[in-house]
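Here is the structure we will look at.
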Amino acid sequence: MSRTHPQVPAICYLELLTNESSINEAVQVLGEAFGWQFFYSGCDKSKDLVYASLLCYTKAAFLDGEVWVAKAHEDHRIIGVAVWFGPGQKFIKKFGAGSYHDHSADLSSVMNKKNAVGGIYFSADCPTRLANGGHIYDKGVDAILGTDVRLNNWHLQLLGVHPNYQRKGVGTSLCEYIEAKARTQGVLTVLEAPDPKKSKEVYQEKMQYEWKGATELIKSPEGIPSVSFNVLTKA
607 MSRTHPQVPA ICYLELLTNE SSINEAVQVL GEAFGWQFFY SGCDKSKDLV
657 YASLLCYTKA AFLDGEVWVA KAHEDHRIIG VAVWFGPGQK FIKKFGAGSY
707 HDHSADLSSV MNKKNAVGGI YFSADCPTRL ANGGHIYDKG VDAILGTDVR
757 LNNWHLQLLG VHPNYQRKGV GTSLCEYIEA KARTQGVLTV LEAPDPKKSK
807 EVYQEKMQYE WKGATELIKS PEGIPSVSFN VLTKA
């Protein structure tokens with residue numbers, strides 16, 4: 607049964623990130639949570655590129671969405687981060703020949719660096735980046751949920767907890783806060799998980815998300831594994 611309010615672990619408290627000076631600390635935690643691997647090695651195992659990519663997403667949500675953090679009671683350090691976009695909000699809002707949301711332009715400049723193998727995903731003239739005026743990734747999600755269903759609900763873009771605090775309920779509490787907010791608004795929370803095991807054990811069994819389907823395998827450039835995303839929602 608869904609809780610009305612998040613059950614926050616005793617080790618931490620939740621806070622909406624409102625101070626831009628704390629963004630870098632939040633991004634550092636995300637990087638450590640992911641083991642400095644992002645875009646399935648699309649950042650060519652470069653910590654600097656991973657950091658810059660995560661920074662683009664986090665800054666975008668700070669401006670156009672919501673970034674929630676969990677802070678340790680003992681020293682008020684950030685130990686967990688959830689990057690959310692609410693109804694009508696999106697990391698990339700415009701598509702078409704050379705037409706991009708500002709945040710996408712920031713990410714494109716990062717991923718088109720010489721050693722960023724994943725730059726093919728983010729170049730304006732790349733067929734995998736644009737498909738009939740729409741992002742192939744978004745089109746895959748829309749094919750499962752329906753056109754703009756994700757856009758019209760709360761979407762979890764990134765969730766990460768520092769390795770020292772994982773499996774203590776921190777990530778769950780960060781999700782539950784927005785889940786409760788979404789219920790009061792009469793909308794869903796939506797997320798995508800590339801790892802089938804995590805999708806089943808964490809999001810479906812532990813957090814009660816409903817699996818809606820998996821996107822078709824997204825073909826990747828040489829050196830990056832092709833990937834399919836599990837799409838899940840929660841009412």
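Under the numbering used here, the first residue of the sequence shown is numbered 607, with each subsequent residue one higher. All C-beta atoms, glycine included, are put in the ideal place defined by N, C-alpha and C.
| If we ignore side chains and look at the alpha-carbon of each, how far apart do Val-614 and Val-747 end up? | 31 Å
| message | Only counting the same chain, and skipping five residues up and downstream in sequence, which positions put a Cβ closer than 7 Å to that of Asn-738? | response | Confidence at Asn-738 is low in this model, with a pLDDT of 35, below 50, so the placement of that residue should be treated as unreliable; the coordinate-derived value is given next. Nothing meets the Cβ criterion.
| message | Tell me the rounded alpha-carbon separation between Lys-745 and Trp-674. | response | 27 Å
| said: Let's see if you can read the secondary structure: which residues bound the alpha helix (DSSP H) around Ala-639? | reply: 629 to 639
| message | Using the three-state DSSP reduction, which class does Phe-644 fall into: helix, strand or coil? | response | coil
| message | I'd like to confirm the pairing. Which residues does DSSP put opposite Val-747 in its beta bridges? | response | Paired residues: none, contrary to the question.
| request: Compare the beta carbon distance of Leu-574 and Val-833 with 8 Å and say whether it is the shorter of the two. | output: Nothing about residue 574 can be read from this structure; the chain reaches only from 607 to 841.
| Beta-carbon proximity of Cys-618 to Lys-677, cut-off 8 Å | yes
| query | Ends of the alpha helix (DSSP H) at Ile-784? | reply | 776 to 791
| message | Do His-768 and Ile-685 count as a contact pair if the criterion is CB distance below 8 Å? | response | yes
| request: Ignore the nearest five residues each way along the sequence and tell me which others in Tyr-771's own chain have a CB closer than 6 Å to its CB. | output: Ile-685
| request: Could you please give the first and the last residue of the uninterrupted beta strand (DSSP E) stretch that includes Ser-619? | output: Before going further, note that residue 619 is Tyr rather than Ser in the sequence given. Residues 618 to 622.
| request: Please report the residue range of the alpha helix (DSSP H) in which Leu-660 lies. | output: 653 to 670
| CA nearest to the CA of Tyr-809, picked from Trp-690, Gly-777 and Thr-821 | Gly-777
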